[in-house]
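Here the protein sequences line up with chains G and H, keeping their order.
To convert, take the position in the first sequence, counting from 1, and add 422; that gives the numbering used here.
To convert, take the position in the second sequence, counting from 1, and add 422; that gives the numbering used here.
Notes for the one structure printed next.
Number of protein chains: 2
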Amino acid sequence: MAQRLIVVGGDAAGMAAASQARRRRGRADLEIVAFERGHFTSYSACGIPYWISGVVPGRDQLIARDPATFRESFDVDVRLRHEVTGIDLDRREVVARDLDGDREVREGFDTLVYAAGAVPVTPSFARTDAMGVFGMQTLDDGEALRDWLESEPRPRHAVVVGGGYIGVEMAEALIQRGLVVTLVERADQPMSTVDADMAELVAEAMRGVGITIRTGLAVTGLQERDGRVTAVVTAEGPIPADVVVLGLGVRPNTALAEAAGLPLGPTGGIRVDRRMRVPGMPDVWAAGDCVESLHRVSGMPVHVPLGTHANKQGRIAGINIGGGYATFPGVIGTAVTKVCDLEVGRTGLRERDATAAGFEFVSVVAESTSRAGYYPGARPMTVKLIAERTSGRLLGAQIVGRSEAAKRIDTLAVALWNGMTVDEMTALDLGYAPPYAPVWDPVLVAARKAVDALSATTNRR
Amino acid sequence: MAQRLIVVGGDAAGMAAASQARRRRGRADLEIVAFERGHFTSYSACGIPYWISGVVPGRDQLIARDPATFRESFDVDVRLRHEVTGIDLDRREVVARDLDGDREVREGFDTLVYAAGAVPVTPSFARTDAMGVFGMQTLDDGEALRDWLESEPRPRHAVVVGGGYIGVEMAEALIQRGLVVTLVERADQPMSTVDADMAELVAEAMRGVGITIRTGLAVTGLQERDGRVTAVVTAEGPIPADVVVLGLGVRPNTALAEAAGLPLGPTGGIRVDRRMRVPGMPDVWAAGDCVESLHRVSGMPVHVPLGTHANKQGRIAGINIGGGYATFPGVIGTAVTKVCDLEVGRTGLRERDATAAGFEFVSVVAESTSRAGYYPGARPMTVKLIAERTSGRLLGAQIVGRSEAAKRIDTLAVALWNGMTVDEMTALDLGYAPPYAPVWDPVLVAARKAVDALSATTNRR
Numbered sequence: 423m424a425q426r427l428i429v430v431g432g433d434a435a436g437m438a439a440a441s442q443a444r445r446r447r448g449r450a451d452l453e454i455v456a457f458e459r460g461h462f463t464s465y466s467a468c469g470i471p472y473w474i475s476g477v478v479p480g481r482d483q484l485i486a487r488d489p490a491t492f493r494e495s496f497d498v499d500v501r502l503r504h505e506v507t508g509i510d511l512d513r514r515e516v517v518a519r520d521l522d523g524d525r526e527v528r529e530g531f532d533t534l535v536y537a538a539g540a541v542p543v544t545p546s547f548a549r550t551d552a553m554g555v556f557g558m559q560t561l562d563d564g565e566a567l568r569d570w571l572e573s574e575p576r577p578r579h580a581v582v583v584g585g586g587y588i589g590v591e592m593a594e595a596l597i598q599r600g601l602v603v604t605l606v607e608r609a610d611q612p613m614s615t616v617d618a619d620m621a622e623l624v625a626e627a628m629r630g631v632g633i634t635i636r637t638g639l640a641v642t643g644l645q646e647r648d649g650r651v652t653a654v655v656t657a658e659g660p661i662p663a664d665v666v667v668l669g670l671g672v673r674p675n676t677a678l679a680e681a682a683g684l685p686l687g688p689t690g691g692i693r694v695d696r697r698m699r700v701p702g703m704p705d706v707w708a709a710g711d712c713v714e715s716l717h718r719v720s721g722m723p724v725h726v727p728l729g730t731h732a733n734k735q736g737r738i739a740g741i742n743i744g745g746g747y748a749t750f751p752g753v754i755g756t757a758v759t760k761v762c763d764l765e766v767g768r769t770g771l772r773e774r775d776a777t778a779a780g781f782e783f784v785s786v787v788a789e790s791t792s793r794a795g796y797y798p799g800a801r802p803m804t805v806k807l808i809a810e811r812t813s814g815r816l817l818g819a820q821i822v823g824r825s826e827a828a829k830r831i832d833t834l835a836v837a838l839w840n841g842m843t844v845d846e847m848t849a850l851d852l853g854y855a856p857p858y859a860p861v862w863d864p865v866l867v868a869a870r871k872a873v874d875a876l877s878a879t880t881n882r883r
Numbered sequence: 423m424a425q426r427l428i429v430v431g432g433d434a435a436g437m438a439a440a441s442q443a444r445r446r447r448g449r450a451d452l453e454i455v456a457f458e459r460g461h462f463t464s465y466s467a468c469g470i471p472y473w474i475s476g477v478v479p480g481r482d483q484l485i486a487r488d489p490a491t492f493r494e495s496f497d498v499d500v501r502l503r504h505e506v507t508g509i510d511l512d513r514r515e516v517v518a519r520d521l522d523g524d525r526e527v528r529e530g531f532d533t534l535v536y537a538a539g540a541v542p543v544t545p546s547f548a549r550t551d552a553m554g555v556f557g558m559q560t561l562d563d564g565e566a567l568r569d570w571l572e573s574e575p576r577p578r579h580a581v582v583v584g585g586g587y588i589g590v591e592m593a594e595a596l597i598q599r600g601l602v603v604t605l606v607e608r609a610d611q612p613m614s615t616v617d618a619d620m621a622e623l624v625a626e627a628m629r630g631v632g633i634t635i636r637t638g639l640a641v642t643g644l645q646e647r648d649g650r651v652t653a654v655v656t657a658e659g660p661i662p663a664d665v666v667v668l669g670l671g672v673r674p675n676t677a678l679a680e681a682a683g684l685p686l687g688p689t690g691g692i693r694v695d696r697r698m699r700v701p702g703m704p705d706v707w708a709a710g711d712c713v714e715s716l717h718r719v720s721g722m723p724v725h726v727p728l729g730t731h732a733n734k735q736g737r738i739a740g741i742n743i744g745g746g747y748a749t750f751p752g753v754i755g756t757a758v759t760k761v762c763d764l765e766v767g768r769t770g771l772r773e774r775d776a777t778a779a780g781f782e783f784v785s786v787v788a789e790s791t792s793r794a795g796y797y798p799g800a801r802p803m804t805v806k807l808i809a810e811r812t813s814g815r816l817l818g819a820q821i822v823g824r825s826e827a828a829k830r831i832d833t834l835a836v837a838l839w840n841g842m843t844v845d846e847m848t849a850l851d852l853g854y855a856p857p858y859a860p861v862w863d864p865v866l867v868a869a870r871k872a873v874d875a876l877s878a879t880t881n882r883r
């Protein structure tokens, strides 16, 4: 008789697990049921800002694979609008609520994949019935915001709360739609995923397109009239807003997991072993934005909610469930983003992370160009490297540039992944041709500068 | 009393050596004299095709640093138009001819850097006085071609002999200038730096812009009238040409070195140790297009004439001459080029190289896109990976795409440099955001496909 796999959460991690398990085990061997609270499977949450701005014209373009594909090609029983409300590990049973039929279903399982994703951080002021306040995590969120932006009276003033990736991208999307946009960030810099010096370059570009940035300022409440938001409240007074977008980040969605006794780590994410198994829980797996991962540089657990990890982790869980062997070796914090006319990339540790992890380091910032200086379209690029004292090992890197910049972080990410020193990196055989790089690629220029900085440090010690 | 360093050849390698030595040793300690046959120091030969096409407007833009800079900022006695005609290692003396003054000069040295570069491979038929036949290695070559293209009667039919980087780039430059262009290549594919399947994509793009490609065909002679070339001769008949550009590659310029007793390796390049010293020759160094390098994957010596290596090697020689310590760990054959609307990247071994080195391998070709499929401007990209059987270690990679493709080879180059297996590579933490990559980057898609191919091979053995 077939065993049964239940997948909790039908987005990237869950569906990657389901399809990889299916590749290795046929229907007669493994029945697969996936419960998904929303209306969609496997969509690109990262694409939502581009749909809001109009750069991506339609919502359905963000859907990587629809439920029908999973049903037909992978023989996965996808149950949309089914919210799992309980997991009983002793009885090996999942309880779900059919949100449309308003009835409860119970399904037994042999194997469980917990892939419930993340939930937005929502401050108490935002738990309001006032119209015009939006999270930005699901396609439904995006749809609601788009409808609001097109409703009458037409919203004109937007406040984005939080200056992380989503906040920054949403601020740009809203200014592209012609709104007056203020970004409010509690910390003293937007884009806290990079160091302050690099973030300042990003802030300049945002101001350049007309976004007002207010840092060191917390939103403490909302003002509303007739059930519609009219302003956000701050210690420096209210900021008018007829649309408020929350970009305060997400936390692992672990309520059900915790209730079922799954172990959480220090980041609040579910703990998993290298194969994405939940330790001490036979045949229970977890993957995606609800788990914590090992940071390979700091050696500490981190919570990095990102589609690329969710896909990889889901795939690995699925391979293992399917009887194969695969492990997830951890993350190094690589991320890229487009901000106005800037490309931003980062990998490894920021200065503050390196300090927190106990490293002593030098950091250097090198200016260069994307192409040979004489080749048309060459644009400036700033590369920052952080290297451990004494060992010279690369600990982190950040890039800000105007074109052909963001994905250069991958070169640094692979160097960092392999524990290279900046001295070793100066010899790297990277592609050179005038349309693509100066004869010393910006990555090499930065590595050389880091070597010089290390040697100055060594001479002083 | 100051010692004296003589540099033979004032291009990338020689001048990098001179300036690095100067950084570490002042004038009172080290006098530096550099002899250069041509009119220029440190220019970008790789940029010449873009100057011919008009993409780069002026010749002087290709000059990275002019002689005055070296004289003033680095206190290097640069002697242009001085052709070194002899090196006497016993007497520690260099003999040079001042080409303009037509007189001979002799200078003693304590330390010698031989950086004479490479010379074009010139078949006997091309040793002609006929006008309209051009090599393409120096700025003088470029100047002569540009003058010819603008002379009357205006040349209309161009034949490019040889389908390597320079040949392909020159064919494109000439078609951009409105000529009728035929590329003749003796081998059965143009762009022999990549495997035939990838080269076919390049050939298609070239045909797409109107370049006629004739492969498997050798040029055996020239026809001329009134001292002007009129056609190239082939076994399949003459091809009309009022301009012929030779792109048959280069070989190490070692005549003087050989005469002086410097050891040459199997590639014909000068042998050097890890610090760029010539073995057995005290205080004699060599760098750049005249030396051979270790290929880190095959373990064999190779001759890779490329500005990026010349700069690195010159820098390393200079650091060591200056009393520092640096080594050149070899090359892996990374190269990128723009061909019509294609970007081409390669690193490591081609299939034929892998076979020649004794490897058994699998190779896979994966299709993907440069950005998230739904993001505007996403373009197709083809990634080929070659991985060793059993170990799964990456041996080589090739990329052809329409945008944001070429420099992705750097990611693969760093993975290859570090001896990663394709299985390890599937977990790499690469940058993901819709404007820059699909959630599975093309590099990861290809690595996954290689893992599958390896596992199929393993199961069969």
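Beta carbons are placed, not taken as given, at the ideal position from N, Cα and C, and that holds for glycine.
Small disclaimer: the values here were computed from a predicted structure and weren't measured.
Exposure of residue i, with buried meaning 16 or more beta-carbon neighbours within 10 Å
{"i": "Gly799 (chain G)", "result": "exposed"}
{"i": "Arg576 (chain H)", "result": "exposed"}
{"i": "Asp617 (chain G)", "result": "buried"}
{"i": "Thr880 (chain G)", "result": "exposed"}
{"i": "Arg513 (chain H)", "result": "exposed"}
{"i": "Ala625 (chain H)", "result": "buried"}
{"i": "Tyr747 (chain G)", "result": "exposed"}
{"i": "Glu658 (chain H)", "result": "exposed"}
{"i": "Thr833 (chain H)", "result": "buried"}
{"i": "Arg883 (chain H)", "result": "A caution first: Arg883 (chain H) carries a pLDDT of 47, below 50, which makes its placement in the model unreliable, though a value can still be read off. It is exposed - the Cβ of Arg883 (chain H) has fewer than 16 other Cβ atoms within 10 Å."}
{"i": "Ser715 (chain G)", "result": "buried"}
Local conformation of residue i per DSSP, three classes
{"i": "Arg883 (chain H)", "result": "Note that Arg883 (chain H) scores 47 on pLDDT, short of 50, meaning its location in the model is unreliable; the coordinates nonetheless yield the value given after this. Arg883 (chain H) falls in the coil class under three-state DSSP."}
{"i": "Phe547 (chain G)", "result": "helix"}
{"i": "Val477 (chain H)", "result": "coil"}
{"i": "Leu876 (chain H)", "result": "helix"}
{"i": "Leu728 (chain H)", "result": "coil"}
{"i": "Ile633 (chain H)", "result": "coil"}
{"i": "Ala837 (chain H)", "result": "helix"}
{"i": "Pro860 (chain G)", "result": "coil"}
{"i": "Arg824 (chain H)", "result": "coil"}
{"i": "Pro723 (chain H)", "result": "strand"}
{"i": "Leu452 (chain H)", "result": "strand"}
{"i": "Pro674 (chain H)", "result": "strand"}
{"i": "Gly767 (chain H)", "result": "strand"}
{"i": "Tyr914 (chain G)", "result": "Only positions 423 to 883 of chain G appear in the structure, and residue 914 (chain G) is not among them; the question remains open."}
{"i": "Ala849 (chain G)", "result": "coil"}
{"i": "Ile885 (chain H)", "result": "Examination of residue 885 (chain H) is not possible in this model, given that chain H is present from 423 through 883 alone."}
{"i": "Gly744 (chain G)", "result": "coil"}
Range of the contiguous beta strand (DSSP E) that encloses residue i
{"i": "Glu773 (chain G)", "result": "First-last for Glu773 (chain G): 773-778, but that is the alpha helix (DSSP H), not the beta strand (DSSP E)."}
{"i": "Glu505 (chain G)", "result": "504-510"}
Distance between beta carbons of residue j and residue i, contact taken as under 8 Å
{"i": "Met628 (chain H)", "j": "Cys762 (chain H)", "result": "6 Å"}
{"i": "Val786 (chain G)", "j": "Lys871 (chain G)", "result": "4 Å"}
{"i": "Pro685 (chain H)", "j": "Pro701 (chain H)", "result": "6 Å"}
{"i": "Leu668 (chain G)", "j": "Pro471 (chain G)", "result": "The Cβ separation is near 13 Å, so there is no contact."}
Run of the alpha helix (DSSP H) containing residue i, from where it starts to where it stops
{"i": "Leu427 (chain G)", "result": "Segment 425-430 is the beta strand (DSSP E) holding Leu427 (chain G); no alpha helix (DSSP H) there."}
{"i": "Pro489 (chain H)", "result": "489-496"}
{"i": "Met803 (chain G)", "result": "No alpha helix (DSSP H) holds Met803 (chain G); the beta strand (DSSP E) holding it covers 802-810."}
{"i": "Arg445 (chain H)", "result": "434-446"}
Taking Cβ-Cβ distances below 9 Å as the criterion, which residues of the region 433-466 of chain G are in contact with chain H? Within the region 433-466 of chain G, the residues whose Cβ lies closer than 9 Å to some Cβ of chain H are Ala434, Ser466, listed in chain order.
Listed from N- to C-terminal order along the chain, which residues in the region 849-863 of chain G have their beta-carbon within a distance smaller than 8 Å of any beta-carbon of chain H? Ala849, Leu850, Asp851, Leu852, Gly853, Tyr854, Ala855, Pro856, Pro857, Tyr858, Ala859, Val861, Trp862, Asp863
Residues of the region 645-673 of chain G in Cβ contact with chain H at a cutoff of 9 Å, in chain order, please. none
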